[in-house]
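Participant: In my numbering, the protein residues as written are 7 to 347.
Ideal placement from N, C-alpha and C gives every residue a C-beta, glycine not left out.
Got a structure for you, written out below as structure tokens; questions coming shortly.
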């Protein structure tokens, strides 16, 4: 057992106290700056110490605990009869935010630089080079490369494969109805959306409606490890294994899409209908090769390394964005049909 001299212990105790005092002083000063910044601005009642944390606590008492976080600004606006824009101050639990409640006001800020939180948050879901986080010329370049795949003419050409996956969805619903099952519509609609994205973007059958799929499983697992700023439990809010898990599931998504691209593109130049390809990834590669390399569509079968890296991230973006919004819309449509048959 090691015993420190009385003077050494006093020095260490003093050092620790000074350090803790400095940390506390910095925290209090930062809190003062944050609270002063919001004071007097439009918003719900603002507490000089707690900011709007008490407002959030009140909202959580009034509504179910599992509602989507994006609902809270709308609920706060409705509860306090606020105007078209207002501020909320959730420091230190979350960032201070300006809430814009009308399209007209939102239009004024959409061209501003994106918040620094977007890139680190989105990269775990959609990769480092996703169009959600891109800005300026980089965004324009890759938006134009993938834009051709979303043209109405090309989308109409892909209607048959969308209908095919829709028929599988109908069969699944029919089977549930015949068996009188209780099932989660959101899960079933998500699998439909993933299968449609696979057919439209990559021209592959993911078959997630009829079984497990590694891409969907990795995406769902990645989402479960995201930082949740609505979570107050410190053991769930700050999870030490989060960086490792996010790296692992991001790697699994990259590997899955990488294998799909490697299997698809070597035969591109040999395909007899190369000039008639309408899938998003094909049209994007053709545009990229023509714009960046001066290579005409169909002249090269291999995947350009730069294109592959960006394409993987865009496919991850399509899968994430589509699986959430489209599946939620499908669920709501069926909900309304059940209410108004």
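In this structure, does DSSP put residue 69 in helix, strand or coil?
Facilitator: Position 63 of the chain shown, counting from 1, holds the residue named residue 69. Correct three-state label for residue 69: coil.
Participant: Near residue 90, which residues of its chain fall below 7 Å by C-beta distance, leaving aside the five closest residues on each side in sequence?
Facilitator: Here residue 90 refers to the residue found at position 84 when the chain shown is read from its first residue. Correct list, in chain order: 107, 108, 111.
Participant: Compute the beta-carbon to beta-carbon distance between residue 128 and residue 117, rounded to the nearest angstrom, for a pair I have assumed lies under 8 Å.
Facilitator: Looking up residue 128 in the chain shown gives position 122. Looking up residue 117 in the chain shown gives position 111. Not a contact, Cβ separation roughly 19 Å.
Participant: Are three or more beta carbon pairs between the stretch 166–180 and the stretch 312–320 nearer than 8 Å?
Facilitator: Verdict: no, contact absent.
Participant: For residue 106, which beta-bridge partners are listed by DSSP?
Facilitator: In the chain shown, residue 106 corresponds to position 100, counting from 1. Partner(s): 91.
Participant: From which residue to which residue does the alpha helix (DSSP H) around residue 215 run?
Facilitator: For the purposes of this step, residue 215 is taken as residue 209 along the chain shown, with counting starting at 1. First-last for residue 215: undefined, no H or E at that position.
Participant: Please state whether the Cβ-Cβ distance between residue 78 and residue 49 is less than 7 Å.
Facilitator: As a first step, residue 78 must be located in the chain shown, where it is residue number 72. As a first step, residue 49 must be located in the chain shown, where it is residue number 43. The answer is no: Cβ separation not under 7 Å.
Participant: How would you write the range of the alpha helix (DSSP H) that residue 47 sits in, first residue to last?
Facilitator: Locating residue 47 in the chain shown gives position 41, counting from the first residue. Where residue 47 is concerned, there is no enclosing alpha helix (DSSP H), given that its DSSP letter is neither H nor E.
Participant: Given 8 Å as the limit, is there contact between the stretch 181–201 and the stretch 151–161, that is, 3 or more CB pairs closer than that?
Facilitator: In short, these stretches do not touch, since the Cβ pair count stays below three.
Participant: Using the C-alpha atoms, what's the distance from residue 99 back to residue 56?
Facilitator: Taking the chain shown and counting its residues from 1, the one referred to as residue 56 is at position 50. Taking the chain shown and counting its residues from 1, the one referred to as residue 99 is at position 93. Rounded to the nearest angstrom, the two C-alpha atoms are 11 Å apart.
Participant: Give me whichever residues DSSP pairs with residue 155 in a beta bridge.
Facilitator: Start at 1 with the first residue of the chain shown, and residue 155 comes out as number 149. DSSP, once it has assigned bridges, lists no residue as partnering residue 155.
Participant: By the three-class DSSP mapping on this structure, what secondary structure does residue 133 have?
Facilitator: Within the chain shown, numbered from 1, the residue matching residue 133 stands at position 127. The answer is coil: DSSP assigns residue 133 none of H, G, I, E or B.
Participant: Look at the alpha carbon of residue 231 and the alpha carbon of residue 248, and state the distance between them as a whole number of angstroms.
Facilitator: On the chain shown, residue 231 is found 225 positions in, with the first residue counted as 1. On the chain shown, residue 248 is found 242 positions in, with the first residue counted as 1. So the alpha carbons of these two residues sit roughly 6 Å apart.
Participant: Below 7 Å between beta carbons: does that hold for residue 123 and residue 139?
Facilitator: Indexing the chain shown from 1 puts residue 123 at position 117. Indexing the chain shown from 1 puts residue 139 at position 133. In this structure, residue 139 does not lie closer than 7 Å to residue 123 by Cβ.
Participant: Helix or strand or just coil, what does DSSP make of residue 328?
Facilitator: In the chain shown, residue 328 corresponds to position 322, counting from 1. In the structure shown, residue 328 sits in a helix (DSSP, three-state: H, G or I).
Participant: In this structure, how does DSSP classify residue 57 when only helix, strand and coil are distinguished?
Facilitator: Position 51 of the chain shown, counted from the first residue, corresponds to residue 57. Three-state DSSP puts residue 57 in a strand.
Participant: I believe residue 214 touches residue 226 by the beta-carbon criterion, under 8 Å. Please report the beta-carbon distance rounded to the nearest angstrom.
Facilitator: As a first step, residue 214 must be located in the chain shown, where it is residue number 208. As a first step, residue 226 must be located in the chain shown, where it is residue number 220. Actually they are not in contact, since the Cβ atoms of residue 214 and residue 226 sit about 11 Å apart, beyond 8 Å.
Participant: Compare the beta carbon distance of residue 336 and residue 208 with 7 Å and say whether it is the shorter of the two.
Facilitator: For the purposes of this step, residue 336 is identified with residue 330 of the chain shown, where counting begins at 1. For the purposes of this step, residue 208 is identified with residue 202 of the chain shown, where counting begins at 1. No, the Cβ-Cβ distance between residue 336 and residue 208 is not below 7 Å.
Participant: Do residue 326 and residue 131 have their beta-carbon atoms positioned less than 7 Å apart in this structure?
Facilitator: The residue given as residue 131 occupies position 125 in the chain shown. The residue given as residue 326 occupies position 320 in the chain shown. Closer than 7 Å, so yes.
Participant: How many Å lie between residue 62 and residue 149 at the Cα?
Facilitator: Here residue 62 is taken as the residue at index 56 of the chain shown, counted from 1. Here residue 149 is taken as the residue at index 143 of the chain shown, counted from 1. If you take the alpha carbons of residue 62 and residue 149, they lie about 38 Å apart.
Participant: With a CB to CB cut of under 7 Å and the five nearest residues on each side skipped, what residues in its chain are close to residue 311?
Facilitator: Looking up residue 311 in the chain shown gives position 305. Closer than 7 Å at Cβ, skipping near neighbours: no residue.
Participant: Which same chain residues end up closer than 6 Å to residue 334 when comparing Cβ atoms and leaving out the 5 residues on each side of it in sequence?
Facilitator: As a working note, residue 334 is residue 328 in the chain shown. Once the five neighbours on either side are set aside, residue 334 has no close Cβ partner at all.
Participant: State the Cα-Cα distance for the pair residue 163 and residue 266, rounded to the nearest angstrom.
Facilitator: Working through the chain shown from its first residue, we reach residue 163 at position 157. Working through the chain shown from its first residue, we reach residue 266 at position 260. Answer to the nearest angstrom: the Cα atoms are 22 Å apart.
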